[in-house]
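First the structure, in the form of structure tokens, and then the observations on it.
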Amino acid sequence: MIMIEALRGLTYYKGVPLWRHALVLQWALQIISGVIVVVLVATFFTNITNTIEDREIPHGFSFLSREYQTPIGQHFLPYESSDSFLYAFGVAATNTIIVSIVGVILATALGIVVGVARISGNWLVSKTSLIYIEVFRNVPLLVQLFFWFYVVLALPPVRQGYVIADKIYINNAGLSLPWPSPSSWDAAWVWLAVALASIIAAMVLYRALTQREALTGRSSYPLVSGSVTAIAIAVAGWLFVSTAFGDAPFGISDPAPQGTFGRIAGGFTISGGLMALLAGLVIYTSSFIAEIVRAGIQSVGRGQTEAARSLGLAPMAALRHVTFPQALRVIIPPLISQFLNLTKNSSLAGAIGYSDLANVAKTMTQTAPAVSIYVLLAAAYLAMSLTYSLIGNIYNRSIRLVGN
């Protein structure tokens, strides 16, 4: 009898039979689904591995230590053709990461401006923003990339290009700008550490003054105070490092024509392909971000805006302090998706001659196993996408906690 009662107890959970308890059924279904997914994935990769071995398709990653022996157009990291495949892959990944970061910043800024203009009370501003959104959102990105690329090609050649103040050169090879050049790497790294510390100090001060302003209702000017603090610490660090090392951490390298063909040397040159790529990505993505911002702002009840205006806040102040912070809860999740899309869309760069990760990887397949190259390529894009998702989700969670 005792044994029967014990067995009966094992088949019940909180007085409900296991086969009828909702929580037990949910866990059982999740476990079964997980096992099925694992089996399917394992079967898929096993079949791929067997097929590769049966057909003797080249694979493996031993090639990564070999010399790449292929030039890479524009590169932000130092690169020589004698460098390894692994280093070349890292150089190409850096090109993509920089395009992604700069593109996200510019597209977000432009998208916010266009999105706010879309709901402006000014008829001309609102309709102009609408035309911008509808045109660039509905034209395929590849078409826009080709358009901007041919706009760059239509610029004058290097010898006949535009020159601004004898320091900025614009031609069909790209845009050449003055650029900081380290006088001494030791001094440069020390000052960069000081500059980073100044930014952290400014952020801490901004946060503290913002909280104080919210609690007391008195203006503390957090943005101005934080900016002044960052600049003051950076300038003091610059003077200290210059005195300690006997030279300024950075000097300015000016571009100038060199040689028979007038090629621009010195400074920093943004290639025509990079200019066209950024223009296409930023304009295309900003049109989607503008609609996200518009929808987010309009999701906030009119009562919030009317209450802010009744307290004497100007329209822009009400938007900044009342409407936009609440709209962020709606804006952030789809905004993260647009960041991911911009990063993945940058793989179209090969169509206009920019050496991004996908373009260099495609070239690598001529002298290395294609299967291994595309595995690395997929892993790299997956890592970048997951990083954006992680950062965005952390920020989204933080503003939700503050709101609650």
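Residues 1362 to 1765 (our numbering) are what the sequence shown spells out, left to right. Just so it is clear, CB atoms sit at the ideal spot from N, CA and C, and this is done for glycine as well. On a predicted model such as this, the values are computed, not experimentally measured, just so you know.
How far does the alpha helix (DSSP H) with Y1567 in it extend, from its first residue to its last? W1546 to T1577
Please classify R1655 as buried or exposed, where buried requires at least 16 other C-beta atoms within 10 Å of its C-beta. buried
Coil, strand or helix - E1366 by DSSP: Bear in mind that a pLDDT of 49 at E1366, under 50, signals an unreliable position, so the number given afterwards is only what the model happens to contain. E1366: helix per DSSP, three-state reduction.
Of the residues A1605, L1718 and V1513, the one placed nearest H1436, counting alpha carbons only: L1718
Should L1516 and I1492 be called a contact, given that it needs their Cβ atoms to be closer than 8 Å? no
Proximal residues to L1536 (C-beta, below 8 Å), its chain only, five neighbours per side dropped: I1529, Y1530, T1630, I1631 and M1636
Whole angstroms are fine: how far does the CA of I1594 sit from the CA of L1600? 10 Å
Quick one: measure Cβ to Cβ for L1737 and F1450, integer angstroms, because I've assumed they're closer than 8 Å. 6 Å
Using three-state DSSP, classify S1490 as helix, strand or coil. helix
Relative to the C-alpha of L1463, which candidate in L1689, L1642 and T1748 has its C-alpha closest? Checking the sequence shown, residue 1463 turns out to be Val, not Leu. Measuring from the Cα of V1463, the nearest candidate turns out to be L1642.
Relative to the C-alpha of L1506, which candidate in G1634, D1547, Q1699 and V1398 has its C-alpha closest? G1634
Let's see if you can read the secondary structure: which residues bound the beta strand (DSSP E) around V1524? Y1523 to I1525
For M1362, collect the residues of the same chain with a Cβ closer than 8 Å to its Cβ; drop the 5 residues on either side in sequence, then sort them by chain order. Annotation note: pLDDT 46 at M1362 (below 50); position unreliable, coordinate value reported separately. So the list is empty, once near-sequence residues are dropped.
Cβ-Cβ separation, S1707 to V1460 (assumed contact under 8 Å), whole Å: 5 Å
Taking the beta carbon of R1479 as the centre, do at least 16 other beta carbons fall within 10 Å, making it buried, or is it exposed? buried
Would the beta-carbon of L1701 fall within 8 Å of that of S1733? no
Contact set for L1438: own chain, Cβ-Cβ below 8 Å, skip 5 residues either direction: G1451, V1452 and T1455
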